[in-house]
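K.L.:
The listed protein sequences correspond, in order, to chains R and F. 1 is the number of the first residue of the first sequence in full-length UniProt numbering; add one for each residue after it. 1 is the number of the first residue of the second sequence in full-length UniProt numbering; add one for each residue after it. By construction, the Cβ of each residue, glycine as well, lies at the ideal position given by its N, Cα and C atoms.
Protein chains: 2
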Amino acid sequence: MKRATIGDVAAVAGVSVATVSRVLNGGAVKEATAAKVWAAVDRLDYSPNALTKSIFAGRSSTIGVVIDDLTSPFYLGLMRGIDEVADANDSLVMFASTFRHAGSGAAQIRTMNEQRVRGLIVTTVEATDDRTRRMAAGGTPCVVVARSVQDPPPRLHSVALDNRAAGRLMAEHLISCGRRSVGVITSGGRPSQHGRTEGLRQGLAEAGLELPGDAVTSVDDNEQVSAAVGALLEHRTSVDAIVCLTGRRTVAVHSALTSRGLAIPDDIGFLTMDDFAWAPALGVTVIGQPSHRMGQKAAELIVENPGEAVQLTFEPELIARTSCGESG
Amino acid sequence: MKRATIGDVAAVAGVSVATVSRVLNGGAVKEATAAKVWAAVDRLDYSPNALTKSIFAGRSSTIGVVIDDLTSPFYLGLMRGIDEVADANDSLVMFASTFRHAGSGAAQIRTMNEQRVRGLIVTTVEATDDRTRRMAAGGTPCVVVARSVQDPPPRLHSVALDNRAAGRLMAEHLISCGRRSVGVITSGGRPSQHGRTEGLRQGLAEAGLELPGDAVTSVDDNEQVSAAVGALLEHRTSVDAIVCLTGRRTVAVHSALTSRGLAIPDDIGFLTMDDFAWAPALGVTVIGQPSHRMGQKAAELIVENPGEAVQLTFEPELIARTSCGESG
DNA sequence: CTGAAAGCGCTAACAA
DNA sequence: TTGTTAGCGCTTTCAG
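(1) Are the beta-carbon atoms of R/K297 and R/V159 separated by less than 7 Å?
(2) How far does the alpha helix (DSSP H) with F/G199 in it reach, from first residue to last?
(3) Write down the C-beta distance between R/A228 and R/F270 rounded to the nearest angstrom, noting that I regard them as a contact closer than 8 Å.
(4) Measuring only the C-alpha atoms, how far is R/K283 from R/R321?
(5) Consult DSSP for F/L70 and reduce its assignment to one of helix, strand or coil.
(6) Do you know offhand how far F/D151's Cα is from R/P48's?
(7) Identify the continuous alpha helix (DSSP H) that holds F/T237 and give its terminal residues.
(8) Measuring only between beta-carbons, confirm whether F/D83 sits less than 7 Å from chain R.
(9) So the candidates are R/P306, R/G328 and R/T313; which of them puts its Cα closest to the Cα of R/T140?
(10) Please report the residue range of the alpha helix (DSSP H) in which F/I287 lies.
(11) Rounded to the nearest angstrom, what separates F/E31 and R/R190 at their Cα positions?
(12) Could you compute how far the alpha carbon of F/A39 sits from the alpha carbon of R/C142?
(13) Please list, in chain order, the chain F residues whose beta carbon lies closer than 8 Å to that of R/M170.
(14) Which of helix, strand or coil does DSSP assign to F/S148?
(15) Taking just the CA atoms, how far does R/L44 sit from R/V37?
(16) According to DSSP, simplified to helix, strand and coil, what is R/I268?
(17) Using 8 Å as the threshold, is the segment 247-263 of chain F in touch with the segment 65-85 of chain F, meaning 3 or more CB pairs across them?
(18) What residues from the segment 114-146 of chain R come within 8 Å of chain F, judged by C-beta to C-beta, listed N to C?
(19) Check the DSSP bridge columns for F/V216 and list the partner residues they point to.
(20) Out of R/Q224, R/S176, R/G167 and R/C177, point me to the one whose CA is closest to R/G203's CA.
(21) Does the pairing of the segment 172-190 of chain R with the segment 232-239 of chain R give three or more beta-carbon distances under 8 Å?
(22) Closest by CA to F/H235, which one among F/E223, F/D221 and F/T217?
(23) Is R/V9 closer than 7 Å to R/V23 when the C-beta atoms are compared?
(24) From the DSSP output, in three-state form, read off R/Q115 for me.
(25) Return helix, strand or coil for R/A96, following the three-state DSSP convention.
(26) Consider the Cβ of R/P153: report whether some Cβ of chain F lies at a distance smaller than 7 Å.
(27) Determine which residues share a DSSP beta bridge with F/M294 and list them.
(28) Just to confirm, is the Cβ distance from F/D221 to F/P73 under 7 Å?
(29) For R/A136, which of R/P280, R/A50, R/I109 and R/V125 has the nearest alpha-carbon?
(30) Would you verify that the beta carbon of R/S255 is, or is not, closer than 7 Å to some beta carbon of chain F?
(31) If we ignore side chains and look at the alpha-carbon of each, how far apart do F/A231 and F/S54 end up?
(32) What residues of chain R sit near F/I185, judged by a beta carbon separation below 9 Å?
(33) Can you give me the C-alpha to C-alpha distance between R/G325 and F/E84, rounded to a whole angstrom?
(34) Between the alpha carbons of R/R80 and R/L209, how many angstroms are there, rounded?
(35) Less than 7 Å between C-beta atoms, sequence neighbours within five positions excluded: which residues of the same chain meet that for F/N89?
(36) Are the C-beta atoms of R/T19 and some chain F residue less than 7 Å apart?
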């Protein structure tokens with residue numbers, strides 16, 4: 001029942017533990033000795049203890065990821081990207097989500113630090129900044145996703161979308177589809193959403209269109225969406241397009257529209273963030289983020305561990321379908 | 001740059017390492033001493049090494065999860081459930097996916113074993129059976145998801161849907177909607193799909209309806225779906241409903257239908273596995289699995305670590321919407 | 001090429 | 001209440 005240790009293997013093989021260690025990790029050993037060791041390994045079903053190993057390395061080979069909502073298509077793509085390069089580098093991914101806790105993930109980050117993860121990828125809010133900074137200072141490369149860091153210390157990187165560009169892309173497309181008055185749904189106070197709003201506002205302004213403050217509504221969860229959309233539509237009857245600034249709310253906003261009997265795009269235009277599996281079928285036009293590549297890059301930053309802070313910005317992409325009407 | 005160790009803390013606080021260990025883990029220490037220690041911890045930004053700790057416990061406090069496709073709504077729900085109870089038990093989730101590799105996850109399971117995970121949850125195919133059995137034999141509780149294990153050794157549990165019941169539920173609903181000839185899309189050779197097919201066949205048979213072998217088509221990926229659906233429809237012109245036996249293919253099958261100009265449910269009925277966010281909006285009737293509860297249960301089996309093997313079966317639930325037409 | 005011995009950072013008796 | 005002393009399972013000098 002008790003697990004075999006390297007000592008047991010050594011005993012069975014009739015060699016020293018040092019020798020066993022060497023054949024396991026590819027040191028110089030005589031063919032014949034190695035064979036004896038492997039036989040013992042087999043017989044005892046020996047599995048080296050990676051935990052003990054990492055004591056010497058000072059850290060584990062695991063990449064930590066703290067995400068606040070796996071449900072969103074963006075994070076799913078991100079995870080796949082991360083997992084992919086982790087796998088290619090014989091790393092595992094240690095995952096913790098925070099969507100239940102208001103605490104914003106400080107606890108998770110602490111735990112990851114205690115686990116001596118090789119690096120950390122975080123998507124949670126600024127409250128965690130301090131912890132992340134200290135981890136980076138302690139030598140663990142950290143990557144912050146979907147948010148840039150002001151004045152980053154050496155090992156604190158970031159991977160983010162050019163949110164203003166995303167906003168502008170939205171404005172351009174809406175305008176080219178003849179929309180004149182947009183209503184916006186944002187979610188919580190994430191900085192990325194500010195960028196998008198600003199980009200949108202600017203893009204609209206360049207075409208002489210306004211985005212008044214009361215055309216922007218923030219919702220905290222899916223339950224609020226229907227009421228928020230309703231209020232927006234009633235308050236501003238001129239609105240001819242609804243823009244959803246976060247992929248997390250796409251379903252809810254879309255349902256809010258259709259369940260009011262509004263036809264998309266005839267009665268109202270609809271534009272949202274993040275491509276998703278059903279979008280082609282539904283004809284929903286989106287601004288796509290390269291979430292998969294972003295995940296890969298984040299993980300690569302961990303693996304390559306550059307000395308300076310690197311801030312990567314990715315370009316959004318308009319994936320035009322039919323939900324805003326005919327373009328041009 | 002070098003991390004502080006418990007020894008450093010002891011030195012700064014002017015006490016022994018044992019004392020530091022005690023205040024960190026809640027032993028009996030004098031108020032004043034504890035204060036000194038905490039001060040030192042603070043000053044050095046000390047973070048205890050969880051890896052070293054688990055040497056003594058013999059295993060880490062991490063729950064390992066090997067999943068083959070995070071993209072599927074079922075696995076997402078499962079993950080949430082797992083993460084939830086892991087979190088409640090101060091565990092982290094170590095995640096590895098296998099969807100790139102043909103290798104079916106043997107490597108991932110080995111790594112998890114080396115990481116001395118507290119328990120393992122696997123969703124990959126039978127090829128991994130041996131490894132899982134050995135892990136269980138070695139004392140690590142393992143839970144196999146969506147598949148039952150024949151003749152399970154002590155610590156090898158399973159959490160699965162009653163697939164025959166799911167099939168029967170499908171049959172019942174289709175019949176009550178007046179469908180007489182169904183076409184089936186399955187994916188790969190997963191045993192769960194056999195159960196569903198059998199249940200469906202039985203349920204149909206009880207109503208005097210047949211499910212001939214050529215009405216069942218298996219596809220390996222989304223690219224094959226359109227052709228497969230086309231072939232099925234052309235070969236069996238009587239088909240008035242398409243059943244998709246895996247949530248993983250829902251989008252592709254649905255698109256295959258609509259892109260052929262078929263209206264759901266008027267031209268053809270559509271029924272699939274696993275509820276998903278857009279299903280209400282699309283009116284897609286599904287057989288739901290309690291994926292979230294299944295994840296929770298799987299994680300609880302790890303945490304509670306019962307001596308015998310336990311096999312949990314969950315009941316599927318029909319979530320009737322409009323895609324099969326009017327029922328009754 | 002191989003073994004003995006000294007740790008890695010921490011916990012757990014056992015004394016004091 | 002505290003400190004001393006063994007280890008945990010492994011890697012890594014340093015001799016042989």
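P.N.:
If we stick to the structure as given:
(1) yes
(2) P191 to E206
(3) Their Cβ separation, rounded to whole angstroms, is 15 Å, which puts R/A228 and R/F270 out of contact at 8 Å.
(4) For the sequence presented, residue 283 of chain R should be read as Gly rather than Lys. Looking at the two C-alpha atoms, the distance is approximately 5 Å.
(5) coil
(6) 28 Å
(7) Premise fails: F/T237 is in no alpha helix (DSSP H) and is neither H nor E.
(8) yes
(9) R/P306
(10) Note, F/I287: premise wrong, no alpha helix (DSSP H); beta strand (DSSP E) at T285 to G288.
(11) 42 Å
(12) 27 Å
(13) None at all; the shortest Cβ gap to chain F is about 22 Å.
(14) coil
(15) 11 Å
(16) coil
(17) yes
(18) E114, Q115, R116, R134, G138 and G139
(19) F/V184
(20) R/G167
(21) yes
(22) F/T217
(23) no
(24) coil
(25) strand
(26) no
(27) The partner list for F/M294 (beta bridge, DSSP) is empty, contrary to what the question assumes.
(28) no
(29) R/I109
(30) yes
(31) 56 Å
(32) Near F/I185 there are no residues of chain R at all, since even the closest Cβ is about 16 Å away, more than 9 Å.
(33) 42 Å
(34) 39 Å
(35) V303
(36) no
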